[in-house]
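S.K.: Structure provided below as structure tokens; questions to follow.
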Amino acid sequence: MSIGLFFVIFFALLLGAVVWILRHPNSRPLTGEEWSDYHERRRKDEDDYWFFFRPGRDD
Numbered sequence: 766m767s768i769g770l771f772f773v774i775f776f777a778l779l780l781g782a783v784v785w786i787l788r789h790p791n792s793r794p795l796t797g798e799e800w801s802d803y804h805e806r807r808r809k810d811e812d813d814y815w816f817f818f819r820p821g822r823d824d
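The following block contains the structure:
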């Protein structure tokens, strides 16, 4: 039982180390300002997308 737990923890840490090493080098948490800019851009993109499908379009 304890050897199985050891292997589970060992492989979880090994997987975490591999993911950490292979992650994108510029990846980091967004600051508050960057996060709000991201959401503002995304909202604008969604508005532009749904504007194309607005009801009553006469194309």
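Counted from 1, the sequence shown has number 804 at position 39 by the working numbering; the numbering is strictly sequential.
All C-beta atoms in this analysis are idealised placements derived from N, C-alpha and C, irrespective of residue type, glycine included.
1. Under a three-way DSSP split, which group does phenylalanine 775 fall into?
2. On the three-state DSSP scale, how would you describe arginine 819?
3. What's the C-alpha gap between glycine 797 and tyrosine 803?
M.R.: Reading off the structure:
1. helix
2. coil
3. 10 Å
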